[in-house]
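Numbering (mature numbering (1 follows the signal peptide of the UniProt record, and there is no 0)), first residue to last: -20 to -1, 1 to 83. Report on the following structure.
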């Protein structure tokens, strides 16, 4: 009877010790996993933020370049239109003055 009681207590003690050790190790593994997962996610967020900010910079460059080129085209068009209109006015003035001379 003494041996079976001692064996029972010894078995229960070791079992509790094993379970508590298992829980500690499992907690360590899970916390380590959480730390590594957090590191991966934060690294992903940093890289994603870098990609998005780089995309925004490039998009801003493209849009500003487009605006510059569009402004150049419009100002060139205005210059050419002004040249055509002033040339038309000069020719119209020449025709009208020639008409006055003929009258």
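Beta carbons are placed, not taken as given, at the ideal position from N, Cα and C, and that holds for glycine.
Span separating the alpha-carbon of residue i from that of residue j
i, j, result
"residue 51", "residue 59", "12 Å"
"residue -15", "residue 7", "31 Å"
"residue 54", "residue 14", "58 Å"
"residue 17", "residue 27", "15 Å"
"residue 39", "residue 49", "15 Å"
"residue 78", "residue 42", "53 Å"
"residue -13", "residue 20", "47 Å"
"residue 10", "residue 1", "14 Å"
"residue 81", "residue 75", "10 Å"
"residue 3", "residue 29", "38 Å"
"residue 45", "residue 37", "12 Å"
"residue -7", "residue 34", "59 Å"
"residue 25", "residue 5", "30 Å"
"residue -17", "residue -4", "20 Å"
"residue 62", "residue 69", "10 Å"
Hey, which unbroken runs of the alpha helix (DSSP H) at 4 residues or more fall wholly within the segment 4 to 45? none
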